[in-house]
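First comes the structure, then the notes that go with it.
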Amino acid sequence: MLLGFGAQLAAGTLVTVGLAVASLAGGLLLGIAGAAARMSRRRLLRTAAQAYTTAVRGVPELLVILIVYFGASAAVGRVAALFGVTGFFELNPFLAGVAALSLTFGAYAAEVLRGAFLAVPPGQTEAAYSLGLTRARVFSHVLLPQVWRTALPGLGNLFLVLLKDTSLVSVVGLDEIMRKSALAVSYTQQPFTFYLAAAFIYLAMTAVSMAGIQVLERRAARGMEWSG
Amino acid sequence: MMAALHGMAAESTAQLLAGAWLTMQLTALAMLVGTTLAFPLALMRTSRHGWLRAPAYGYVFFFRGTPLLVQIFLVYYGLAQFEAIRDGFLWPVLSEAYWCAIIAFSLNTAAYTAEILRGGMMAVPLGEREAARALGFSRWQEIRLIVLPRAVRQALPAYGNEVILMLKGSALASTITLLELTGVARTLIARTYLAVEFFALAGLIYLLLTLLIVRGVRLLERRWALPGQAIETVPGTRHGDLLA
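Set out below in structure tokens:
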């Protein structure tokens, strides 16, 4: 199928999925940290988190990827020069991609999570404390399940955006779907065929993700059906 | 030596500013064409007729479900695969990276903007539409005079977000040889090896443009606000909305 490039595209798809999942994990961690910092009592943390979310959300994702890739390579080069080793150091494009996409996802996720935390009525936290629950318990048993439910639609959207943004990492040389398609194009001279094939792979991944998100949302809303 | 360095800095700044100008041009043109396409698309999406709804749904699903990069490549590289297009009268336009970028961006933002508009239309209270019908408005009058003006106001904050997304998306034009802001930064880096410096400078210019858009949309919101409908003024939330 696909003039013998089916296996190549499949391999690219695996790389794309790996990149998306790894960036989702990294991005969620950054998002939680960012949301916590935004709601912190310390001014310094709040300002730093605000600067992070504003800067990353105001700069193109492609530029973030290029900055991380070339910036990290330059930094490694400078450190190596201290030890007398010179030359151009190339960072692993997969790691650069995970770092850049996590940064992007985290900046948006911080806002989604902050909104979800603020949406839990303060009376619930007070009630939990007055029942003698510890801080950790209040967080894990009272706040988290509700934050998860409210944040899920927003986080789901962000994942769909992330999935498409993985295509940009092809620019720094990662062999994901887009680069595999470009490779096939250079051999076959059939750009429309292969970029359309790539488009349909992304569409399929989007459809599967949407179905998965819906299952998660339904699970998170168990027992809440009556309140919409 | 110093004079040469100063000359280089001045030249790079001029090139970056020229790139920023092209970025603004691409964003503005794509938004103009895309928004124009979005109105009929949104009306089709909310139509009573299945044969109108289905193609609009397919269009929106395709353009929102695939990366912008794929869409640009399909237009710029993909169309050249067909001889009929290479020999066609549109080839002078379709062989130019500039127009291919505009076409891909416009088609892309049309899908997102149509969904934003649809959301705004759904938010118009049913009572207002019923009132219009009770007054004997035709269907078209009802949409043009009641639904759309309300929907546009409702959709404005989300539309501001879409303008920002388009501004950021326009960076992809650099992948098809266009020297907009990101493209200029990339060529300057290839020449000088000052990667972090030039990318950071380009990033700052993007940030500045983003803040300008946020300001502009806020101004429009205030100007179009209906009397008696207060605008949220909780500090920070507006900005948060626009960038979300």
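First to last, the sequence lines map onto chains X and E. Each number in the numbering used here comes from the position in the first sequence (counting from 1) with 1 added on. Each number in the numbering used here comes from the position in the second sequence (counting from 1) with 2 added on. Each residue gets a CB set at the ideal place from its N, CA and C atoms; glycine is no exception.
For a test of the three-state rule: what should DSSP assign to leucine 225 (chain X), helix, strand or coil? Checking the displayed sequence, the identity of residue 225 (chain X) turns out to be methionine instead of leucine. It is coil, neither helix nor strand.
Nearest CA to the CA of tryptophan 149 (chain X): which residue from X:Ala23, X:Leu29, X:Lys181, X:Thr14? Comparing Cα-Cα distances from tryptophan 149 (chain X) to each of X:Ala23, X:Leu29, X:Lys181, X:Thr14, the minimum goes to X:Leu29.
Determine, for tyrosine 203 (chain X), whether the minimum Cβ-Cβ distance to residues of chain E falls below 7 Å. Put simply, the CB of tyrosine 203 (chain X) is near chain E, with a gap under 7 Å to one of its CB atoms.
Are any of the Cβ atoms in chain E nearer than 7 Å to that of leucine 20 (chain X)? False, the Cβ-Cβ gap to chain E never drops below 7 Å.
Are the C-beta atoms of alanine 11 (chain X) and some chain E residue less than 7 Å apart? Closer than 7 Å: no.
Reference glutamine 125 (chain X), options X:Ala110, X:His142, X:Glu112, closest by Cα: Nearest in C-alpha terms to glutamine 125 (chain X), of all of X:Ala110, X:His142, X:Glu112, is X:His142.
Count the other C-beta atoms from every protein chain shown that fall within 10 angstroms of the C-beta of leucine 64 (chain X), then say buried if there are 16 or more, exposed otherwise. It counts as buried.
Range of the contiguous alpha helix (DSSP H) that encloses proline 159 (chain E): Taken as a continuous stretch (DSSP letters only), the alpha helix (DSSP H) holding proline 159 (chain E) covers 150-171.
CB contact below 7 Å: glycine 242 (chain E) versus chain X: Since pLDDT at glycine 242 (chain E) reaches only 41, below the 50 mark, its modelled position is unreliable, and the value read off the structure follows with that caveat. At least one chain X Cβ lies under 7 Å of glycine 242 (chain E).
Within this structure, are the beta carbons of alanine 230 (chain X) and leucine 145 (chain X) separated by less than 7 Å? The structure shown does not extend to residue 230 (chain X), since chain X is modelled only from 2 through 229, so no value can be given for it.
For threonine 38 (chain E), name the three-state secondary structure that DSSP assigns. Three-state result, threonine 38 (chain E): helix.
In the region 58-79 of chain X, which residues sit with their C-beta less than 7 Å from some C-beta in chain E, listed in chain order? Going along the region 58-79 of chain X in chain order, one finds Arg58, Gly59, Val60, Pro61, Glu62, Leu63, Leu64, Leu67, Ile68, Phe71, Gly72, Ala75 with a Cβ nearer than 7 Å to chain E.
Which same chain residues end up closer than 7 Å to serine 103 (chain X) when comparing Cβ atoms and leaving out the 5 residues on each side of it in sequence? Once the five neighbours on either side are set aside, the close Cβ partners of serine 103 (chain X) are Ser24, Gly27, Gly28, Leu31.
Does glycine 80 (chain E) get closer than 7 Å to chain X when you measure Cβ to Cβ? Glycine 80 (chain E) counts as touching chain X.
Can a CB atom of chain X be found closer than 7 Å to the CB of valine 186 (chain E)? No, its Cβ sits nowhere closer than 7 Å to a Cβ of chain X.
Sequence-distant residues of its chain with Cβ nearer than 7 Å to alanine 50 (chain X) (five each side left out): Non-local C-beta neighbours of alanine 50 (chain X) in its own chain, meaning closer than 7 Å and more than five positions away in sequence, comprise Gly35, Ala38, Arg39, Ala111, ordered along the chain.
For the alpha helix (DSSP H) containing isoleucine 105 (chain E), name the first residue and the last one. Element bounds for isoleucine 105 (chain E): 99-124.
With 16 other Cβ atoms within 10 Å as the buried cut-off, status of threonine 37 (chain E): By the 10 Å Cβ count, threonine 37 (chain E) comes out buried.
CB-CB under 6 Å to methionine 46 (chain E), same chain, minus the five flanking residues each way: which ones, in chain order? Cβ within range, chain order: Leu54, Ala58.
Where does proline 2 (chain E) sit, in a helix, a strand or coil, going by DSSP? With chain E running from 3 to 246 in the structure shown, residue 2 (chain E) is simply not present.
Taking only three categories from DSSP, how would you classify serine 41 (chain X)? DSSP places serine 41 (chain X) in coil when its eight states are reduced to three.
By Cβ distance, which residues of its chain are closer than 6 Å to glycine 185 (chain E), with the 5 residues on each side in sequence left out? The answer, listed in chain order, is Ser176.
If you count every other CB in all the chains shown that lies within 10 Å of the CB of valine 262 (chain X), and 16 or more means buried, which is it? This structure gives no information on residue 262 (chain X), because the portion of chain X shown stretches from 2 to 229.
I want to verify the contact list: residues of chain X whose CB lies under 7 Å from the CB of leucine 174 (chain E), in sequence order. Leu63, listed in chain order.
Cβ separation of leucine 183 (chain E) and leucine 18 (chain E), assumed to be a contact under 8 Å, to the nearest whole Å: With 8 Å as the limit, leucine 183 (chain E) and leucine 18 (chain E) qualify as a contact, their Cβ atoms being about 7 Å apart.
Looking at the C-beta of glycine 229 (chain X), does it have a partner C-beta in chain E at a distance below 7 Å? Its pLDDT being 45, under 50, glycine 229 (chain X) is placed unreliably by the model, and the measurement read from it follows with that caveat. So no, glycine 229 (chain X) is outside the interface.
Report yes or no: is there a C-beta of chain X within less than 7 Å of the C-beta of alanine 113 (chain E)? So no, alanine 113 (chain E) is outside the interface.
Closer than 7 Å to chain X by CB, proline 69 (chain E): Chain X contact via Cβ: present.
Is phenylalanine 91 (chain E) helix, strand or coil when you go by DSSP? Residue state, collapsed to three classes: coil.
Rounded separation between alanine 82 (chain E) and leucine 109 (chain E) - CA only: Rounded to whole angstroms, alanine 82 (chain E) to leucine 109 (chain E) spans 18 Å at the Cα level.
Roughly how many angstroms separate the alpha carbons of leucine 160 (chain E) and methionine 123 (chain E), rounded to a whole number? Here residue 160 (chain E) turns out to be alanine, not leucine, going by the sequence shown. Their backbone Cα atoms lie some 13 Å apart in a straight line.
Members of the region 189-201 of chain X near chain E, C-beta cut-off 9 Å: For the region 189-201 of chain X, which is checked against every Cβ of chain E, the residues closer than 9 Å are Gln190, Gln191, Pro192, Phe193, Thr194, Phe195, Tyr196, Leu197, Ala199, Ala200, Phe201.
Pairwise C-alpha distance: leucine 4 (chain X) and valine 18 (chain X): If I take the Cα positions, the gap works out to 23 Å.
Rounded to a whole number of angstroms, what is the C-alpha to C-alpha distance between alanine 227 (chain E) and glycine 171 (chain E)? Their backbone Cα atoms lie some 29 Å apart in a straight line.
Would you mind giving the Cβ-Cβ distance between threonine 68 (chain E) and tyrosine 203 (chain X), rounded to the nearest angstrom? I have them listed as a contact below 8 Å. Right, the Cβ-Cβ distance comes to about 5 Å (below 8 Å), so this counts as a contact.
Is any beta-carbon of chain E found at less than 7 Å from that of serine 168 (chain X)? Serine 168 (chain X) counts as touching chain E.
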